[in-house]
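Here's the structure, in structure tokens; my notes come after.
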Amino acid sequence: MGQKGTYTKIVATLGPASESYDTIRSIIKAGARVIRLNFSHGSADEQQIRYDRARAASQELGIPIAIFQDLQGPKIRIGALQEASIVLQKGDSIIITTQPGEGSRHRVSIDYPYLHEEIQVGNRVLIDDGLIALTVTQVEGQDIHCTAEEGGTLRPRKGVNLPGVPLKHLSSFTAKDEKDLEFAFTNKVDYVALSFVRSAEDVIALRSLMRTRYGREIPVIAKIEKPEAVADIERILQVASAIMVARGDLGVEAYPEEVPIMQKSIIRACHSAGLPVITATQMLESMMHNPRPTRAETNDVANAVLDGTSAVMLSGETAAGEYPLQAVEIMNRIAANAERSIDFQRLVLDQRLNWEHVELRRKRSTTEAVGLATRELA
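Take a look at the structure:
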């Protein structure tokens, strides 16, 4: 737990800004009770050092922590460019092609070779977390003709989101993930987070691979960051061990104004199923470079707590920000203060009653039981 009597766990992502033993020790002491190792960045050797230091700090302090591995998952990207960058203005035309090759001002490649078969006129192509927005006007062979609705600076290897495109040939579990999974079993991490889950079948496939290759399962956190996953949330809840509301990509794939309602509905669904739920991404984003959060960020964290999220997560704030320790301290204070409200105490009582009912119907592993254990208010 964080401060004495707190219910909401704080997840801290380790990275270059927080990988020293002293910093890890400090953020655990400040209230972080879950450590995230983000395998989208850094080598396995770097993650091993972070893992070992976190376990050692936990043991020294006598404070139990959970550690989870966050698998990178698939990411479609723009290919190489002849220039360092290309500036697109609103209304500009550009061709995206599935043919490999260096891109130019008028034509760029993409590394998903089936896109021209699956995309349709009217679909949106969002580049660099939606900073550049294109609309498809024509599909001709392997060439996808687009018009820029929102311009920007296009650079090589930027990520691409394709809301509404089926992406039938894209698995949520990649060859890199398969290799990285060895780390989880070697080190006996507590959870594995699966990125870009689209349906319950993605989680089932990972669990099956674990049993086949390693003879056992590690509980899976299903990251909900695509509208398809939101639509299939009830089935995903039946096969996952926990849920993460990954608002970054979800806010690109869906319209931003839809995300708050999605977040609340997912948290409610997790309550009904008796599953832990993590609310993540850009919670204290301004603390990457500032020692204090904005009022909007403070409200965001507090509202997630009042909605009953099991945990709130810090990503870049602790991994690469200038104030990793302060971010944990402030998030812990926000959560603790929100939990003093009458609304929160009523919510906890309702959750306890619901979890007791769920436990009668559903047998859980030891790790899951820890995540759902009754937590007393001070």
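In our numbering, the protein residues as written are 736 to 1113. Note that CB positions come from ideal geometry on N, CA and C, so glycine has one too.
Asked                                                                                                                                                       : Found
What residue range does the alpha helix (DSSP H) around residue 974 cover?                                                                                  : 968 to 974
Going by the beta-carbon positions, is the gap between residue 851 and residue 879 smaller than 8 Å?                                                        : yes
Would you decide whether residue 748 is buried or exposed? Buried here means 16 or more other CB atoms lie within 10 Å of its CB.                           : buried
One question on the structure: do residue 984 and residue 960 come within less than 8 Å of each other, judged by their Cβ atoms?                            : yes
I'd like the list of long-range same chain contacts for residue 886, defined as Cβ closer than 6 Å, with 5 residues on each side in sequence excluded.      : 823, 824, 825
Are the CB atoms of residue 898 and residue 859 within a distance shorter than 8 Å?                                                                         : yes
Residue 938 and residue 965 look like a contact to me (Cβ under 8 Å); what is the Cβ gap, rounded to whole Å?                                               : Not confirmed; about 15 Å, so no contact.
Which term fits residue 1026, buried or exposed, when burial requires 16 or more other beta carbons within 10 angstroms of its beta carbon?                 : exposed
Does the contact criterion of 3 or more C-beta pairs under 8 Å hold for the segment 917 to 926 versus the segment 777 to 790?                               : yes
Relative to the C-alpha of residue 955, which candidate in 943, 963, 948, 947 has its C-alpha closest?                                                      : 943
From residue 1075 to residue 1083, what distance separates their C-alpha atoms?                                                                             : 11 Å
Could you check if residue 1059 is buried or exposed, using at least 16 other CB atoms within 10 Å of its CB as the buried criterion?                       : buried
DSSP on residue 908, reduced to helix/strand/coil?                                                                                                          : coil
Which whole-angstrom value is the C-beta distance of residue 962 and residue 935, which I expect to be below 8 Å?                                           : Not quite, the Cβ-Cβ distance comes to about 15 Å (not below 8 Å), so this is no contact.
Can the beta-carbon of residue 867 be found less than 8 Å from the beta-carbon of residue 845?                                                              : no
Which residues mark the beginning and the end of the beta strand (DSSP E) in which residue 1049 is found?                                                   : 1046 to 1049
Considering residue 986, what are the terminal residues of the alpha helix (DSSP H) in which it resides?                                                    : 982 to 988
Confirm the yes/no value for this check: CB of residue 741, any heavy atom of the ligand COA, distance under 7 Å.                                           : Among the components modelled here there is no ligand, and therefore nothing to report on the ligand COA.
Across which residues does DSSP place residue 804 in a beta bridge pair?                                                                                    : 772, 927
Among 829, 978, 905, 861, which has the Cα closest to the Cα of residue 895?                                                                                : 861
I need the DSSP call for residue 893, collapsed to helix, strand or coil.                                                                                   : coil
Who are the near neighbours of residue 982 in its chain, counting only those whose CB is closer than 6 Å to its CB and skipping five residues on each side? : 994, 1016
Whole angstroms is fine: what's the gap from residue 792's alpha carbon to residue 833's?                                                                   : 48 Å
With residue 807 and residue 930 assumed to form a contact (beta carbons below 8 Å), what rounded beta-carbon distance in angstroms separates them?         : 6 Å
Kindly confirm or deny that the segment 752 to 765 and the segment 1044 to 1063 touch, where touching means at least three C-beta pairs closer than 8 Å.    : yes
Nearest to residue 1119 by alpha carbon, out of 856, 876, 800, 884?                                                                                         : The structure shown does not extend to residue 1119, since the chain is modelled only from 736 through 1113, so no value can be given for it.
Are residue 838 and residue 815 touching if we call contact CB-CB under 8 Å?                                                                                : yes
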